[in-house]
Amino acid sequence: MKKLNQIFFKGLIVVLPIMLTFYLLYWASAKAEGLFGSVVLWAVGQEYYFPGTGIILTLIFIFLVGLLAHGYFTARVFRWFTDQLEKFPLIKVIYNPLKDLMALIPGRSQTSTNQHVVLVTVGGVKVMGLVTRENITELPQHNLISVYIPFSYMLGGMTVLVNANEVENVDIPVDQAIKLSVTAWIKAKES
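Residue 39 in numbering that gives the first Met the number 0 is what sits at position 40 of the sequence shown, and the numbering runs on without skipping anything.
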């Protein structure tokens, strides 16, 4: 019976991540298809509609928004719109953390270029984190930096404020550090 359990759990370890990946892709595709697919079906009719049109149009829409956000004048319009979103109490509670989370993704925003990986001692153990801000002027203590420490498997994270001289710089790219933290260092190479 013990051998059967071992075989079953080995199969589960192989199948579950694959199934969850494909399910999430299916879910995202279905949502994207639902977003634009019904509009295309209404606009062009059944004879010119084919499954996947909504997904293609969603990707084109996201690219066009990125292209517009890249331009000088349209970027100012987007900035004005997002500033207006941040004024509504319920919306800003959801929007601001999501915007800040997206800013943590390396290469995706202007603020991420200042990030670097450090080791911080928390509760007697060293943890890896990302420096998110080096000049905290709101607090009376000087020389404090903000370090975001992601939890494994994206189950959250925490931000700690520490003295700049208490962190140890690590020569790892930010995207690799996030990948290692999120996967609990399972993907770490031997070297």
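All residues carry an ideal CB built from backbone N, CA and C; glycine is no exception. Since the model is a prediction, treat every value here as computed from it, not as a measurement.
- Cα atoms of L15 and G36: separation of roughly 30 Å, rounded to the nearest angstrom.
- Ranked by Cα distance from P96, the first of T158, I6, V64 is T158.
- Between the alpha carbons of L160 and N4 lies a gap of roughly 46 Å.
- E32 is positioned such that its CB atom lies no closer than 8 Å to that of I61.
- Contact check between the region 135-155 and the region 171-186: three or more CB pairs, one atom from each, fall below 8 Å, which counts as touching.
- One Cα belongs to G155, the other to A42, and the distance between them is close to 42 Å.
- Under the three-state reduction of DSSP, N95 is assigned to helix.
- Distances from the CA of V121 to each of N162, L40, E85 were compared; the closest alpha carbon is that of N162.
- Under the DSSP definition of a beta bridge, T158 partners with Y147.
- With 16 or more other Cβ atoms inside 10 Å of its own Cβ, V166 counts as buried.
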